[in-house]
Amino acid sequence: MTSFSADYFARPTVAVAQDLLGTVLVHTEAGRERQVGRIVETEAYTQDDPAFHGWGLYDEATGTLQQEGRGIELFGAPGTAYVYLIYGMHWLLNVVTEPEGTGGAVLIRAVEPLEGDGVMHQRRSAARRRQDLTNGPGKLTEAFGIDDAFHGTMLTEPPLFFAALEEPRSFDMATSSRIGISKGVERPWRFFIDGHPYVSPATPSDQA
DNA sequence: ACGAGGATGCTCT
DNA sequence: GAGCATCCTCGTG
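First residue of the first sequence: 178, per the numbering used here; consecutive thereafter.
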């Protein structure tokens, strides 16, 4: 299992978000079962996007980037983890995209567990069905034990990394508006494996 | 099956 | 004080 290098992430964000479908997220921990999840749902966020957590840091008219502010890490090295707390209780995992100096990130929204069911069930005691282990962005971070300790780490090497699984792709990709946002709703930047049972059950933001 | 409401903490106004 | 890239529980059909 060979991890993706920084070059893989140093590309247009939408392309990375689509390409990550069908690849795997891997977490290795000493003395514990390895956790592997096949990515079935992602979202893209770019620097000119009002829903982006670094929106306004880059001024397109002058080409200048602020030195600090919320989400400044999203302009850093491609392949870096951007982990943040949402609604005061759930950690969400993003991977930084685009070349350094350009902002962008892909949110990992859902995976299908391939290895590590035991650990995931331990961490996700609320899950009644197997798909509830990882069919949402906050659920998968809990199942994989991902929190702010991973913020800023490189997702190009263990203990947490991405890798290829299947070649060629053996699924149909579907698209929708992103979920849970109020700005940038018109951008069709949620990507998922059509009909897959581990896709999150939430409703896209452009629907009633 | 589905919808309403609450939990809970950090950032920006 | 509001808003937030969410999840869970408890109602009603």
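Beta carbons: idealized from backbone N, C-alpha and C, even for Gly.
Query: Is V283 helix, strand or coil by DSSP?; Result: strand
Query: In whole angstroms, what is the alpha-carbon distance linking Y261 and P345?; Result: 33 Å
Query: Check for me: the alpha helix (DSSP H) holding R300 runs from which residue to which?; Result: 294-300
Query: For G278, I'd like the list of residues in its chain whose CB is within less than 8 Å of its CB, leaving aside the five on either flank, ordered along the chain.; Result: L242, F252
Query: Assuming A258 and V272 form a contact by the criterion Cβ under 8 Å, report the distance between their Cβ atoms to the nearest whole angstrom.; Result: 6 Å
Query: Given a cut-off of 8 Å on the beta-carbon distance, is the pair Q195 and M350 in contact?; Result: yes
Query: DSSP beta-bridge partners for R367?; Result: E220, S353
Query: Spell out a yes or no on whether the stretch 373-381 and the stretch 217-232 are touching, meaning 3 or more CB-CB pairs, one atom from each, closer than 8 Å.; Result: yes
Query: Can A187 and P276 be called in contact, C-beta distance under 8 Å?; Result: yes
Query: If I follow the unbroken alpha helix (DSSP H) through A194, where does it start and stop?; Result: 190-196
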